[in-house]
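Peer 1: Here's a structure for you.
2 protein chains.
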Amino acid sequence: MAVTVVGSMAFDAIETPFGRSNKIVGGAATYISWSASNFTRPVQVISVVGGDFPVEELDILNARGVLTEGVQIKKDRKSFFWSGKYHMDMNTRDTLETQLNVLGDFEPVVPSGYQGAEILMLGNLSPAVQLSVIEQLNVRPKLIVLDTMNFWMETALSDLEKVLQKVDVLLVNDSEARQLSGQYSLVRAAKEIMKMGPRYLVIKKGEHGALLFYEDHVFFAPALPIEEVFDPTGAGDTFAGGFVGYLDHTKDFSFEGMKSAIIIGSAIASFCVEKFGTSRLKELNRQMIDERVQQFVELVNFDISLV
Amino acid sequence: MAVTVVGSMAFDAIETPFGRSNKIVGGAATYISWSASNFTRPVQVISVVGGDFPVEELDILNARGVLTEGVQIKKDRKSFFWSGKYHMDMNTRDTLETQLNVLGDFEPVVPSGYQGAEILMLGNLSPAVQLSVIEQLNVRPKLIVLDTMNFWMETALSDLEKVLQKVDVLLVNDSEARQLSGQYSLVRAAKEIMKMGPRYLVIKKGEHGALLFYEDHVFFAPALPIEEVFDPTGAGDTFAGGFVGYLDHTKDFSFEGMKSAIIIGSAIASFCVEKFGTSRLKELNRQMIDERVQQFVELVNFDISLV
Numbered sequence: 001m002a003v004t005v006v007g008s009m010a011f012d013a014i015e016t017p018f019g020r021s022n023k024i025v026g027g028a029a030t031y032i033s034w035s036a037s038n039f040t041r042p043v044q045v046i047s048v049v050g051g052d053f054p055v056e057e058l059d060i061l062n063a064r065g066v067l068t069e070g071v072q073i074k075k076d077r078k079s080f081f082w083s084g085k086y087h088m089d090m091n092t093r094d095t096l097e098t099q100l101n102v103l104g105d106f107e108p109v110v111p112s113g114y115q116g117a118e119i120l121m122l123g124n125l126s127p128a129v130q131l132s133v134i135e136q137l138n139v140r141p142k143l144i145v146l147d148t149m150n151f152w153m154e155t156a157l158s159d160l161e162k163v164l165q166k167v168d169v170l171l172v173n174d175s176e177a178r179q180l181s182g183q184y185s186l187v188r189a190a191k192e193i194m195k196m197g198p199r200y201l202v203i204k205k206g207e208h209g210a211l212l213f214y215e216d217h218v219f220f221a222p223a224l225p226i227e228e229v230f231d232p233t234g235a236g237d238t239f240a241g242g243f244v245g246y247l248d249h250t251k252d253f254s255f256e257g258m259k260s261a262i263i264i265g266s267a268i269a270s271f272c273v274e275k276f277g278t279s280r281l282k283e284l285n286r287q288m289i290d291e292r293v294q295q296f297v298e299l300v301n302f303d304i305s306l307v
Numbered sequence: 308m309a310v311t312v313v314g315s316m317a318f319d320a321i322e323t324p325f326g327r328s329n330k331i332v333g334g335a336a337t338y339i340s341w342s343a344s345n346f347t348r349p350v351q352v353i354s355v356v357g358g359d360f361p362v363e364e365l366d367i368l369n370a371r372g373v374l375t376e377g378v379q380i381k382k383d384r385k386s387f388f389w390s391g392k393y394h395m396d397m398n399t400r401d402t403l404e405t406q407l408n409v410l411g412d413f414e415p416v417v418p419s420g421y422q423g424a425e426i427l428m429l430g431n432l433s434p435a436v437q438l439s440v441i442e443q444l445n446v447r448p449k450l451i452v453l454d455t456m457n458f459w460m461e462t463a464l465s466d467l468e469k470v471l472q473k474v475d476v477l478l479v480n481d482s483e484a485r486q487l488s489g490q491y492s493l494v495r496a497a498k499e500i501m502k503m504g505p506r507y508l509v510i511k512k513g514e515h516g517a518l519l520f521y522e523d524h525v526f527f528a529p530a531l532p533i534e535e536v537f538d539p540t541g542a543g544d545t546f547a548g549g550f551v552g553y554l555d556h557t558k559d560f561s562f563e564g565m566k567s568a569i570i571i572g573s574a575i576a577s578f579c580v581e582k583f584g585t586s587r588l589k590e591l592n593r594q595m596i597d598e599r600v601q602q603f604v605e606l607v608n609f610d611i612s613l614v
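These protein sequence lines map, in sequence, to chains C and L.
For the first sequence, position 254 matches number 254 in our numbering, and the numbering has no gaps at all.
Take any residue in the second sequence, count from 1 to its spot, add 307: that is its number in our numbering.
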């Protein structure tokens with residue numbers, strides 16, 4: 001069993017109402033790998049970095065069972081850089097600066113050793129790159145999960161629609177679901193989006209939890225109310241990583257299986273926001289994750305007997 | 308058993324992205340009474356209206372077991388009027404016009420027949436009015452529930468603090484909880500607010516559900532994702548009405564009892580938003596409510612066995 005992950009490995013500089021980080025290691029594939037490798041190995045990464053990316057970061061991922069043969073290193077160029085600022089409503093952020101650098105002309109190559117992975121996790125990237133990875137696979141993975149964002153809906157909708165037709169699960173946030181579907185009601189938005197390809201739709205609502213839609217069913221997972229909401233960067237990717245990592249472990253791709261995977265994703269994401277960057281994810285162990293999952297169970301547990 | 312409700316009975320004119328209402332009957336006490344009377348009787352209302360308020364509205368409430376002896380009718384004056392506009396994000400709204408009219412100098416009088424109610428529901432009104440009602444009661448109710456809003460935090464904080472010291476449960480939305488406590492994290496906000504008096508804090512998050520805090524415990528109830536989010540006016544009051552109505556029925560004021568009451572409140576509130584004003588509430592019966600409660604159970608039900 002294996003999960004192949006495509007996504008950025010990059011530098012971020014983050015400002016929140018509670019502090020400001022230096023240029024730190026981030027990127028969708030980084031967060032997804034840290035998170036997924038709690039549940040399954042290997043996690044096989046496809047990405048691109050510049051000569052400025054610290055090799056130690058790849059080394060510690062390798063030591064966790066994350067393979068990085070598919071990470072291209074462009075020695076004479078710079079890694080993708082993003083800088084952003086969060087306001088008191090941590091669900092919204094302003095981009096201060098984006099330097100595409102090596103990501104601008106990224107042509108992903110799937111190493112032959114990566115073939116046969118049962119799950120493909122397409123982290124947020126250009127739909128053309130995501131499509132290229134799908135097309136390089138000899139056998140279609142049992143599950144393809146797609147993360148994307150409003151930027152691609154605005155600049156590459158046609159390519160995005162092609163990717164949507166090829167995936168099983170789409171992860172987007174609530175405003176993106178509304179934008180993609182043209183529907184305000186999330187129930188209606190989900191119906192429209194599921195016509196575009198994905199059988200499952202996960203709508204991420206940040207501190208307000210996540211919704212899972214499948215046929216006529218809907219499941220809601222809350223976000224854990226936590227004292228230290230410090231830096232939301234990477235929380236969505238961490239969620240995605242826990243989601244696919246756990247699914248690769250259980251191999252239960254049914255609606256019930258997806259529910260559990262969402263709880264796991266939410267539990268790990270709730271750690272991510274407690275410190276800058278990947279710091280908190282590096283401290284995790286399975287017992288800590290189990291305890292937090294138990295908190296989710298208690299959070300939504302009720303027993304009602306109508307009168 | 309009885310619930311005494313204090314709040315406005317009024318006219319609203321509402322504009323949403325989906326339509327615009329004429330001047331229709333609204334007000335906190337109206338919504339609370341419609342909602343609570345599904346579960347308990349009598350509901351005893353204390354309010355004030357002008358000669359323009361349709362007596363038929365009081366008659367149909369009376370027929371449901373809602374007592375209106377405490378509703379003062381000022382024949383030569385006009386009822387409170389509010390007009391507002393919702394944007395695509397139905398969680399925020401702009402007030403277009405407020406005419407206090409009879410509410411401007413409202414001096415509540417508790418009829419002697421209302422004495423002895425076990426629950427007092429203080430709907431959103433001036434803290435001075437809320438305080439006056441508490442002081443007119445011969446015996447302290449077993450449960451006092453307070454709804455308030457940011458306006459009173461800004462204009463009558465000292466009075467509001469006095470009321471807070473006398474109540475068991477506070478209902479506010481998330482931004483109000485942050486404003487009242489000066490804390491961004493809702494967990495920290497809850498701790499601060501519970502020091503001000505209430506043992507229980509319910510943070511209403513509109514379409515994102517509600518949180519219940521009690522000592523070190525927290526419970527989350529989602530809002531039901533619904534296709535027709537038509538008009539959110541009164542949803543918070545409808546929630547409060549279901550909450551106190553159900554509590555008066557069960558008499559279980561424990562944390563577990565509060566959880567159930569929040570699910571009931573959420574279920575009824577999910578009907579309220581489907582049509583303008585109280586229209587949808589007037590169509591409800593217990594079977595419809597039961598079915599929706601069952602949808603809540605399914606919405607959050609999951610069975611996770613960590614690996």
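Don't be surprised by glycine CBs; every beta carbon is placed ideally from N, CA and C.
Every value quoted in this text rests on a predicted model; they were computed, and no experiment measured them.
What does DSSP give as the partner residue(s) for residue 393 (chain L) in the beta ladder?
Peer 2: For the purposes of this step, residue 393 (chain L) is taken as residue 86 along the second sequence, with counting starting at 1. According to DSSP, which records beta bridges pairwise, residue 393 (chain L) is partnered with L:400.
Peer 1: Please confirm whether residue 539 (chain L) and residue 218 (chain C) have their CB atoms less than 8 angstroms apart.
Peer 2: Along the second sequence, read from residue 1 onward, the residue named residue 539 (chain L) stands at position 232. Along the first sequence, read from residue 1 onward, the residue named residue 218 (chain C) stands at position 218. It is not a contact, given that the beta carbons lie outside the stated cut-off.
Peer 1: With DSSP run on the structure shown, which of helix, strand or coil describes residue 302 (chain C)?
Peer 2: The residue you call residue 302 (chain C) lines up with position 302 of the first sequence. Residue 302 (chain C) falls in the coil class under three-state DSSP.
Peer 1: Measuring alpha carbon to alpha carbon, tell me which residue in L:461, L:371, L:324 is nearest residue 337 (chain L).
Peer 2: Position 30 of the second sequence, counted from the first residue, corresponds to residue 337 (chain L). Ranking the options by Cα distance to residue 337 (chain L), first place goes to L:371.
Peer 1: If you measure beta-carbon to beta-carbon, which residues of the segment 157-191 of chain C are closer than 7 angstroms to chain L?
Peer 2: 184, 185, 186, 187, 188
Peer 1: From the beta carbon of residue 324 (chain L), is the nearest beta carbon of chain C less than 8 angstroms away?
Peer 2: Looking up residue 324 (chain L) in the second sequence gives position 17. Chain C contact via Cβ: present.
Peer 1: Have a look at residue 465 (chain L) and residue 161 (chain C) and give me their C-alpha separation to the nearest angstrom.
Peer 2: On the second sequence, position 158 is the one that residue 465 (chain L) refers to. On the first sequence, position 161 is the one that residue 161 (chain C) refers to. Roughly 57 angstroms separates the two Cα atoms.
Peer 1: Taking 8 angstroms as the CB-CB limit, is residue 57 (chain C) close to chain L?
Peer 2: For this step, residue 57 (chain C) is matched to residue 57 along the first sequence. False, the Cβ-Cβ gap to chain L never drops below 8 angstroms.
Peer 1: Less than 8 angstroms between CB atoms is the rule here; does residue 274 (chain C) satisfy it with respect to chain L?
Peer 2: Indexing the first sequence from 1 puts residue 274 (chain C) at position 274. By this cut-off, residue 274 (chain C) is not an interface position.
Peer 1: Starting from residue 331 (chain L), follow the beta strand (DSSP E) in both directions and report where the run begins and ends.
Peer 2: Here residue 331 (chain L) refers to the residue found at position 24 of the second sequence. Element bounds for residue 331 (chain L): 331-333.
Peer 1: Counting contacts by CB-CB distance shorter than 8 angstroms, is residue 533 (chain L) in contact with chain C?
Peer 2: The residue you call residue 533 (chain L) lines up with position 226 of the second sequence. Residue 533 (chain L) counts as touching chain C.
Peer 1: For residue 347 (chain L), I'd like the list of residues in its chain whose CB is within less than 7 angstroms of its CB, leaving aside the five on either flank, ordered along the chain.
Peer 2: Taking the second sequence and counting its residues from 1, one reaches residue 347 (chain L) at position 40. Non-local beta-carbon contacts of residue 347 (chain L) in its own chain, meaning distances under 7 angstroms to residues more than five positions away in sequence, involve 308, 310, 552, 555, 556 in chain order.
Peer 1: Have a look at residue 143 (chain C) and residue 111 (chain C) and give me their C-alpha separation to the nearest angstrom.
Peer 2: Walking along the first sequence from the start, residue 143 (chain C) turns up at place 143. Walking along the first sequence from the start, residue 111 (chain C) turns up at place 111. Looking at the two C-alpha atoms, the distance is approximately 19 angstroms.
Peer 1: Give the single residue among L:490, L:500, L:504 whose Cα lies nearest to the Cα of residue 473 (chain L).
Peer 2: Start at 1 with the first residue of the second sequence, and residue 473 (chain L) comes out as number 166. Among L:490, L:500, L:504, the Cα nearest to that of residue 473 (chain L) is on L:504.
Peer 1: Decide if residue 319 (chain L) is buried, meaning its Cβ has at least 16 other Cβ atoms within 10 Å, or exposed.
Peer 2: Locating residue 319 (chain L) in the second sequence gives position 12, counting from the first residue. Flag for residue 319 (chain L) reads buried.
Peer 1: How would you list, in chain order, the residues of chain C whose beta-carbon sits under 9 angstroms from the beta-carbon of residue 575 (chain L)?
Peer 2: In the second sequence, counting from the first residue as 1, residue 575 (chain L) sits at position 268. Neighbours of residue 575 (chain L) on chain C: none; closest Cβ ~12 angstroms, over 9 angstroms.
Peer 1: Determine whether the Cβ of residue 74 (chain C) lies closer than 8 angstroms to any Cβ atom of chain L.
Peer 2: Reading the first sequence from its first residue, position 74 is the one you call residue 74 (chain C). At a cut-off of 8 angstroms between beta carbons, residue 74 (chain C) makes no contact with chain L.
Peer 1: Please go through the segment 15-87 of chain C and give each complete beta strand (DSSP E) segment of 3 or more residues, from N-terminal end onward.
Peer 2: Segments of the beta strand (DSSP E) lying fully in the segment 15-87 of chain C: 24-26, 43-50, 66-74, 80-86.
Peer 1: Can you find a CB in chain L that lies within less than 8 angstroms of the CB of residue 87 (chain C)?
Peer 2: The residue given as residue 87 (chain C) occupies position 87 in the first sequence. No, residue 87 (chain C) does not count as interfacial toward chain L.
Peer 1: Say whether chain C places a C-beta atom closer than 8 angstroms to the C-beta of residue 505 (chain L).
Peer 2: Residue numbering aside, residue 505 (chain L) sits at position 198 when the second sequence is read from its first letter. Chain C contact via Cβ: absent.
Peer 1: Using only the alpha-carbon positions, how far apart do residue 489 (chain L) and residue 482 (chain L) sit?
Peer 2: Locating residue 489 (chain L) in the second sequence gives position 182, where the first residue counts as 1. Locating residue 482 (chain L) in the second sequence gives position 175, where the first residue counts as 1. Distance between the alpha carbons of residue 489 (chain L) and residue 482 (chain L): 10 angstroms.
Peer 1: Whose C-alpha, out of L:327, L:328, L:413, L:403, is nearest the C-alpha of residue 357 (chain L)?
Peer 2: In the second sequence, counting from the first residue as 1, residue 357 (chain L) sits at position 50. Nearest C-alpha to residue 357 (chain L): L:413.
Peer 1: Hey, how far is the Cα of residue 137 (chain C) from the Cα of residue 254 (chain C)?
Peer 2: As a position in the first sequence, residue 137 (chain C) is number 137, starting the count at 1. As a position in the first sequence, residue 254 (chain C) is number 254, starting the count at 1. Near 24 angstroms, if we compare the C-alpha coordinates of residue 254 (chain C) and residue 137 (chain C).
Peer 1: Pull the bridge partners of residue 511 (chain L) from the DSSP assignment, please.
Peer 2: Position 204 of the second sequence holds residue 511 (chain L). In the DSSP output, where bridge partners are listed per residue, residue 511 (chain L) has L:480, L:517.
Peer 1: For residue 308 (chain L), which of helix, strand or coil comes out of DSSP?
Peer 2: By one-based count along the second sequence, residue 308 (chain L) stands at place 1. Coil, per DSSP.
Peer 1: Going by alpha carbons, who is nearest to residue 116 (chain C) out of C:134, C:104, C:201, C:147?
Peer 2: Residue numbering aside, residue 116 (chain C) sits at position 116 when the first sequence is read from its first letter. Closest by alpha carbon: C:134.
Peer 1: Going along the chain, which unbroken runs of the alpha helix (DSSP H) with 4 or more residues stay wholly within the segment 136-183 of chain C?
Peer 2: 150-155, 157-164, 174-181
Peer 1: Closer than 8 angstroms, CB to CB, is residue 143 (chain C) near chain L or not?
Peer 2: By 1-based counting over the first sequence, the position of residue 143 (chain C) is 143. Cβ-Cβ to chain L under 8 angstroms: no for residue 143 (chain C).
Peer 1: For a contact defined as C-beta to C-beta under 9 angstroms, what are the partners of residue 566 (chain L) on chain C?
Peer 2: Within the second sequence, residue 566 (chain L) is the residue found at index 259, counting from 1. Taking a Cβ-Cβ threshold of 9 angstroms, the residues of chain C close to residue 566 (chain L) are 301, 302, 303, 304, in chain order.
Peer 1: What first and last residue would you give for the beta strand (DSSP E) that runs through residue 109 (chain C)?
Peer 2: Numbered from 1 along the first sequence, position 109 holds the residue referred to as residue 109 (chain C). That residue, residue 109 (chain C), is in no beta strand (DSSP E); it is neither H nor E in DSSP.
Peer 1: Any beta carbon from chain L within less than 8 angstroms of residue 195 (chain C)'s own beta carbon?
Peer 2: Reading the first sequence from its first residue, position 195 is the one you call residue 195 (chain C). Not closer than 8 angstroms to any Cβ of chain L, the Cβ of residue 195 (chain C) fails to qualify, so no.
Peer 1: Looking at the secondary structure, which residues open and close the alpha helix (DSSP H) in which residue 194 (chain C) lies?
Peer 2: Within the first sequence, the letter at position 194 stands for residue 194 (chain C). Residue 194 (chain C) -> alpha helix (DSSP H) spans 186-195.
Peer 1: State the DSSP-derived secondary structure class of residue 221 (chain C), mapped to helix, strand or coil.
Peer 2: Here residue 221 (chain C) refers to the residue found at position 221 when the first sequence is read from its first residue. Strand, per DSSP.
Peer 1: Flag this pair as yes or no: are the beta carbons of residue 296 (chain L) and residue 519 (chain L) separated by less than 8 angstroms?
Peer 2: In the structure displayed, chain L extends from 308 to 614; residue 296 (chain L) sits before or after that span and is not available.
Peer 1: Measuring only between beta-carbons, confirm whether residue 529 (chain L) sits less than 8 angstroms from chain C.
Peer 2: Residue mapping note: residue 529 (chain L) aligns to position 222 of the second sequence, counting from 1. Yes, because at least one Cβ of chain C sits closer than 8 angstroms to the Cβ of residue 529 (chain L).
Peer 1: Going straight from the alpha carbon of residue 600 (chain L) to that of residue 187 (chain C), what length do you get?
Peer 2: To locate residue 600 (chain L), count along the second sequence from 1; it is residue 293. To locate residue 187 (chain C), count along the first sequence from 1; it is residue 187. Residue 600 (chain L) and residue 187 (chain C) have their alpha carbons spaced roughly 18 angstroms apart.
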